[in-house]
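A short write-up of the structure that comes next.
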Amino acid sequence: MYQDIFPNEVESWLQKGAQIIDVREPDEFHQGHLPGARNIPLGVLTQHAPSLQAPVVVVCQSGGRSQMASEHLAQVLEGPVLNLMGGTLGWKRQGYRVEAP
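Quick note: the sequence shown uses full-length UniProt numbering, first residue 1, plus one each step.
See below:
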């Protein structure tokens, strides 16, 4: 089972050791992502899932792909899997910054 969280909850999860997984395609990721996020596109997430450790915060553009990814990761990881509601768009709408290489 995964849990939906809002942008204002991300920092507390990072303090608990969560890693941010961005499941968008690389071109989307490079246009701007949450600080510290790791890019693992949804299409290859299954291959990378064994290397991940919970807790993880999963994010995409608006929340659809991250929900699918969270459902999958909740089945294979032990520990919290957190879906960021609203995705990167919601994150920016709330006034939080993004990084771009």
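Glycine included, each C-beta is placed from N, C-alpha and C at the ideal position. The structure displayed is predicted, hence computed values, not measured ones.
Here's a check: name, in chain order, each residue in its chain whose Cβ is nearer than 6 Å to the Cβ of residue i, leaving out the five neighbours to either side.
i	result
His72	none
Would you check if the distance between the CB atom of residue i and the CB atom of residue j is smaller than 7 Å?
i	j	result
Val23	Arg65	yes
Leu42	Ala69	yes
Pro101	His48	no
Leu52	Ile5	no
Pro50	Trp13	no
In terms of alpha-carbon separation, which member of the options lies closest to residue i?
i	options	result
Arg93	Pro80, Gln3, Asn8 and Tyr2	Asn8
Gly32	Pro50, Cys60 and Ala49	Cys60
Met85	Gln75, Val98, Glu99 and Gly63	Gly63
Ile20	Pro26, Val44, Leu34 and Val76	Leu34
Arg97	Thr46, Ile40 and Gly36	Gly36
Gly87	Thr46, Val44, Gly79 and Glu28	Glu28
Is any non-hydrogen atom of the ligand SAM found closer than 6 Å to the C-beta of residue i, if you look at the structure I gave you?
i	result
Gln61	As presented, the structure is devoid of all ligands, the ligand SAM included, so that no description of it is given.
Please classify residue i: is it buried, with 16 or more other beta-carbons within 10 angstroms of its beta-carbon, or exposed?
i	result
Val57	buried
Gly95	exposed
Using a Cβ-Cβ cut-off of 7 Å (strictly less than) and excluding sequence neighbours within five positions of residue i, which residues of its own chain qualify?
i	result
Ala74	Met1, Tyr2 and Val81
Gly17	Pro55
Ile40	Ile21, Val23 and His48
Might you give, ordered along the chain, the residues of its own chain that have their beta carbon closer than 8 Å to the beta carbon of residue i, omitting 5 neighbours on each side?
i	result
Leu77	Ala49, Leu52, Gln53, Ala54 and Val56
Arg38	Gln19, Ile20, Ile21 and Asp22
Quiz prompt | Length-filtered (4 minimum) alpha helix (DSSP H) runs lying within the UniProt domain "Rhodanese" (14 to 100) | solution = If you keep only unbroken alpha helix (DSSP H) runs of at least 4 residues inside the UniProt domain "Rhodanese" (14 to 100), you get 26 to 30, 45 to 48, 64 to 76 and 87 to 93.
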